[in-house]
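Here the structure is laid out as structure tokens; the discussion comes afterwards.
In this note's numbering, the protein residues as written are 28 to 412.
Structural data, given as structure tokens:
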């Protein structure tokens, strides 16, 4: 979908070869990262994703905001890699092996949990989990909008996948040590992301804080997944739902940005009259992010709430429910601006077939995952046994 959206967004001939190649490289790196349990392969995959996304963020070198975003992305990314490497070096020192699962064995288990916690901080930076989220709002706002949507989804999904494999698999027996930490990160990320989003007047920045809150929802399932496969599946299902609805929101914002040359809330005023199909697409994406039935985001949040309650984390379920209510307000602000706010703008939205296909696919998937979630649920169950 990002390849399709980028085809119409990057019309300059300079980007026609570079952008697709980098998107494919980052996606392959993310797939490798999600399937890795060897330290060397994890680091290699992590770096492939980091380098490819860094270049994508700063690829529009003639835009100062893009250059600033790339610099911040590089600095925070370097810190994340350094912290992750330090944690993994401790794991290697304890076991003499680069295979992560061996580190959870017997005599070295308690020290391995400490090393794992350090490595998890590096992954928390990659996932933009509060309080390690400082880079995300500026980077998402400064990056080309389809790329901002891409880095808000793909690298996060890969990082969550490997963290799940570590916590639910290798270190499940030590959940007494890491579960309180993950529960705290989930609660803080949900709350910080949603409260910060309430004050935003730039839609890209608002979606950045929304992404921080959304990863907090996912971490609810991760936190209680130690001995419960259903919780891990709930987290994975929400990741599947998160992909089309978040990409749909960013792609719609990119379409508005192309015409209005900005992504402030005012640029969306009266959008319904100028581009009804685009308005409907963005509305569906935002309502799904808010957790409104019968869309995919609703099903995902229900599964996460059920996982939290059934695993003795009722307080975390309450925090999640309260945050969902808070988030509805700022999503509705955008929707109200599109349908109710007057506008004297006369921009012409020209046809862009590739972008329209990307928006249509994201919308259909968001609806299908909410109305007919059985196929996705069965796939997650077969993938996670």
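Virtual Cβ for every residue (Gly too), placed ideally from N, Cα, C.
Just so we're clear, the structure is a prediction, and the values are computed from it rather than from any experiment.
Can you list, in chain order, the residues of its chain whose CB lies under 8 Å from that of residue i, leaving out five sequence neighbours each side?
i           : result
residue 291 : 228, 229, 230
Leaving out five residues on either side along the sequence, give the residues of the same chain with a beta carbon under 6 Å from the beta carbon of residue i.
i           : result
residue 146 : 111, 114, 115
residue 267 : 403
residue 309 : 279
Which first and last residues belong to the alpha helix (DSSP H) in which residue i is found?
i           : result
residue 243 : 230 to 250
residue 36  : 29 to 36
residue 325 : 323 to 337
residue 220 : 202 to 224
residue 297 : Neither: residue 297 is in no alpha helix (DSSP H) and is coded neither H nor E.
residue 174 : 172 to 178
With DSSP as the reference, label residue i as helix, strand or coil.
i           : result
residue 195 : helix
residue 65  : strand
residue 133 : Its pLDDT being 48, under 50, residue 133 is placed unreliably by the model, and nothing is read from it.
How about residue i and residue j: are their beta carbons less than 7 Å apart?
i           : j           : result
residue 177 : residue 29  : yes
residue 56  : residue 76  : yes
residue 163 : residue 235 : yes
residue 331 : residue 261 : yes
residue 240 : residue 209 : no
residue 60  : residue 179 : no
residue 398 : residue 311 : no
Looking only at its chain, what residues have a beta carbon closer than 7 Å to the beta carbon of residue i, apart from the 5 residues adjacent to it on each side?
i           : result
residue 134 : Any reading at residue 134 must be qualified, since the residue scores a pLDDT of 46, below 50, and its modelled position is unreliable; no value is offered.
residue 264 : 327, 330, 403, 404, 407
residue 99  : 162, 165, 166
With 16 as the cutoff for other CB atoms within 10 Å, does residue i come out buried or exposed?
i           : result
residue 51  : exposed
residue 356 : exposed
residue 102 : exposed
residue 409 : exposed
residue 91  : exposed
residue 7   : Since the first and last residues shown for the chain are 28 and 412, residue 7 lies out of range.
residue 400 : buried
residue 301 : buried
residue 377 : exposed
residue 363 : exposed
residue 342 : exposed
residue 37  : buried
residue 35  : buried
Quick one: does residue i have its CB under 7 Å from some CB of chain C?
i          : result
residue 31 : Within the model displayed, chain C is absent; a lone protein chain is all it includes.
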